[in-house]
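Respectively, the protein sequence lines represent chains A and B. Per the working numbering, the very first residue in the first sequence carries number 180; after that it's consecutive. Per the working numbering, the very first residue in the second sequence carries number 92; after that it's consecutive. Every residue gets a Cβ at the ideal spot worked out from N, C-alpha and C, and that includes glycine. A quick note: this is a predicted structure, and the numbers were derived from the prediction, not measured.
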Amino acid sequence: MVQIRLQNIGTFSMGDIKMTDKVLKVKNGDTVASVNDLLKELLKSKKVQALLVMQEVPSKAMSFPVLISDPDKLNSNVFAPVLPVSTATIISKITKVESASKPIGVVMRSCQIRALVELVKLNQANIENIVIIGVDCLGTFPVNTYSDFPEKATPTEFILDSFKKKSDVVKYLRSACYTCKDPIPSNADIIIGLYGMDPQKELLIQINSKKGKKLLEGIQLEVSKDTNDREKAIKRIREEKAKNRMEFIKDKSNIKGIDALAKFFDKCVNCHNCMKVCPICYCRECLFESSVFDLEVNKYIGKAEKKGLFKMPSDSLLFHTTRMNHMVVSCVGCGLCEQACPSDIPLMEIIIPIGENVQKEFEYNPGSDIEKKVPMVIYKEDEYQEVGEK
Amino acid sequence: MVIEMEEFEPKIVGFLCNWCSYAGADLAGTSRIQYPPNVRIIKVMCSGSVDSVYIMRALLEGADGVFIGGCHPGDCHYLDGNYKARRRAVLLKSILETLGLEKERIWIRWVSASEGQKFADTMKEMTEEIKKLGPNPIAKHWNI
């Protein structure tokens, strides 16, 4: 049995409990296996009844979240740089009807934790017995890049390696990851930290809540050195991403005005994939999947006669603008919409600037504060008076 | 020779709440107050029930303006529907601004059941403003 070694490197308090940062020693330079051993320990000790964690499929071509209860079958890869589906959506699916009776551990990226926090606030998920294990995110590749990775190294090796030395990893990153709002998980019970650490040697295990503390209780831990570099590294990566983001949305000429917009969505085939994969689009039946917009034949002809012609199926711009209205306040920038688009429409180029402006307007940062209500359910009596009466 | 141009008459879609603005429009009618016939009124139960999809659909189908009428703040029949409608208008206008579309085509105003004159005045004012803006450029697009 593998011994998991953790060490105290300083304490801070949160409410009435003492929180302690620890360190996970990496065995034989194998980062993935060492985290897998820690997770196996959690399953074996019955601290969690099951784990939701990324695991490679037998062909190794993809990694998917698995809900796993048998520790012997656990072969997780929490660093696999791919986000095939939203883990927040999965947790919503399994907890919407009732909360779990015993703890379930879920290993998530920062964007997915943000999405989960939004879903909890929208009454679409229950995290009562969900223990969130956040992993510092190094970014993800598009599904096809991940499955047919053009480099010698595996995608996981490549991205962990990129962390140590400058590499051309940026060219493979999804635009959502290149412009990530924050790759460091917030609202996690435990954080497995990479930034400021040497992933071949040791990883940070940060405990952020009572739930997290309870989860790691009794697990054999051992000593390592301090992590003073972490704060600096976090500051650096956040600044880098913010800079990328600003540069990415600087040129908005491709989304300004009706001509540009029509061109932007020219390739849209009305498949609604962007809505189906979005963690925030939670409606059981989307308005646009219903027959609300189906007309009688005479009305179609009337519409054709008005303009002379119109595109079929119509309403693609109506769909996209309405979808934005419904989800952009809570948009966490995971970029699954863009990844799911069969026509390769660069949706992040439109979603990011709209999200930035709307969230600034309502002073709202989705996924950051679980207590703060979503802007669309609250109001102040004396706000925005210039909108109501000029 | 002077060619007389037909004056542009904007098409305005108005969503009026059942309890205040629709009654206000009714009062304008029964009081025989004259106001421009440019507005096409749709009665809704509450201004808070007007989803952005209805507003966007009107604009994308070529309406030159969209008017949302609700009860005065504090007077909503459902307590806070108008406050929520106002927030949604802020959201929609922010999105339209980012997309370079004309947010000035969307108006949200409070008209009570006793304000027939105010309804007529608001309609006059809005029709004038939309005339200045000119026809909705989206109307000619068939490929959206």
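*CB contact flag (F489 (chain A), K482 (chain A), <7 Å)*: yes
*Are the beta-carbon atoms of L526 (chain A) and E535 (chain A) separated by less than 7 Å?*
No. Outside cutoff.
_S255 (chain A) - partner residues in DSSP beta bridges_ = A:Q234
*Could you tell me the distance, in whole angstroms, from the CA atom of N207 (chain A) to the CA atom of K431 (chain A)?*
48 Å
*Whole-number beta carbon distance between T210 (chain A) and P378 (chain A), since they are thought to touch under 8 Å*: 5 Å
_Endpoints, beta strand (DSSP E) assigned at V245 (chain A)_ = S242 to I247
*Report buried or exposed for F328 (chain A), applying the criterion of at least 16 other Cβ atoms within 10 angstroms of its Cβ.*
buried
_My output table needs one value for G105 (chain B): the three-state DSSP class, helix, strand or coil._
strand
*asked:* Using C-beta distances below 8 Å, list every residue in its chain close to L440 (chain A), excluding the 5 sequence neighbours before and after it, in chain order.
replied: Sequence-distant Cβ neighbours of L440 (chain A) in its own chain, meaning closer than 8 Å and more than five residues away, are I434 and L496.
_Closest Cα partner of G251 (chain A) within the set A:P244, A:S271 and A:L221_ = The residue you asked about is not Gly; residue 251 (chain A) is Asp in the sequence shown. Taking only the C-alpha atoms, the option nearest D251 (chain A) is A:L221.
*Which residues share a DSSP beta bridge with G313 (chain A)?*
A:M287 and A:I370
*Considering L383 (chain A), what are the terminal residues of the beta strand (DSSP E) in which it resides?*
E381 to I386
*Residues of chain B with a CB under 8 Å from the CB of A332 (chain A): which are they?*
Near A332 (chain A) there are no residues of chain B at all, since even the closest Cβ is about 40 Å away, more than 8 Å.
*How about D368 (chain A) and I413 (chain A): do their beta carbons lie closer than 7 Å?*
no
*For I199 (chain B), name the three-state secondary structure that DSSP assigns.*
strand
_Beta-carbon gap between R353 (chain A) and G514 (chain A) smaller than 7 Å_ = yes
_Distance cutoff 7 Å, beta carbons only. Does G105 (chain B) sit that close to anything in chain A?_
no
_Quick check on N256 (chain A) - is its C-beta less than 7 Å from some C-beta in chain B?_
no
*When A:K343, A:Y351 and A:E297 are compared against P321 (chain A), the one with the closest alpha-carbon*: A:Y351
*Same chain, Cβ closer than 6 Å to I370 (chain A), neighbours up to 5 away in sequence not counted*: Non-local C-beta neighbours of I370 (chain A) in its own chain, meaning closer than 6 Å and more than five positions away in sequence, comprise G313, P364 and Q385, ordered along the chain.
_Using a 10 Å radius around the Cβ and a threshold of 16 neighbouring Cβ atoms, would you call K360 (chain A) buried or exposed?_
buried
*Quick one: which residues of the stretch 178–210 of chain B get their C-beta closer than 9 Å to a C-beta of chain A? List them in chain order.*
R178, R179, A180, V181, L182, L183, K184, S185, I186, L187, E188, T189, L190, G191, L192, W198, I199, R200 and W201
*Nearest to C520 (chain A) by alpha carbon, out of A:K551, A:G391 and A:H499?*
The shortest Cα separation from C520 (chain A) among A:K551, A:G391 and A:H499 belongs to A:H499.
*Could you say which of A:I398, A:N423, A:K393 and A:C316 lies nearest to Y357 (chain A) if we only look at CA atoms?*
When each option's Cα is compared against that of Y357 (chain A), the closest is A:N423.
*Any residues in the stretch 139–151 of chain B with a beta carbon nearer than 7 Å to a beta carbon of chain A? Which ones, in chain order?*
S143, V144, M147, R148 and L151
*Rank B:I229, B:K184 and B:A176 by C-alpha distance to the C-alpha of K559 (chain A) and give the top, closest one.*
B:A176
_Once the 5 residues before and after N222 (chain B) are set aside, which same chain residues still bring their CB inside 7 Å of it?_
As written in the sequence, residue 222 (chain B) is Lys, which differs from the Asn given in the question. Excluding residues within five positions, the ones whose Cβ falls inside 7 Å are F99 and P101.
*Which word fits A332 (chain A), buried or exposed, when buried means at least 16 other C-beta atoms lie within 10 angstroms of its C-beta?*
exposed
_Check for me: the alpha helix (DSSP H) holding V276 (chain A) runs from which residue to which?_
Looking at the DSSP string, V276 (chain A) is not in any alpha helix (DSSP H), and its letter there is neither H nor E.
*Drop a sphere of 10 angstroms on the beta-carbon of K478 (chain A), count the other beta-carbons inside from all chains shown, and report buried for 16 or more, exposed for fewer.*
Burial call: exposed.
*Do three or more CB pairs link the stretch 104–112 of chain B to the stretch 156–166 of chain B at distances below 8 Å?*
A contact exists between the stretch 104–112 of chain B and the stretch 156–166 of chain B.
*Given G153 (chain B), which residues of its chain have a CB within under 7 Å of its CB, disregarding the five upstream and five downstream residues?*
N227, I229 and A230
*Could you tell me whether any Cβ in chain A is nearer than 7 Å to the Cβ of H232 (chain B)?*
yes
*asked:* Taking DSSP's pairing of strands, which residues face I132 (chain B) in a bridge?
replied: B:G105
*asked:* For a cutoff of 7 Å on Cβ pairs, would you count K478 (chain A) as touching chain B?
replied: no
*Distance, Cα to Cα, K184 (chain B) vs A149 (chain B)?*
15 Å
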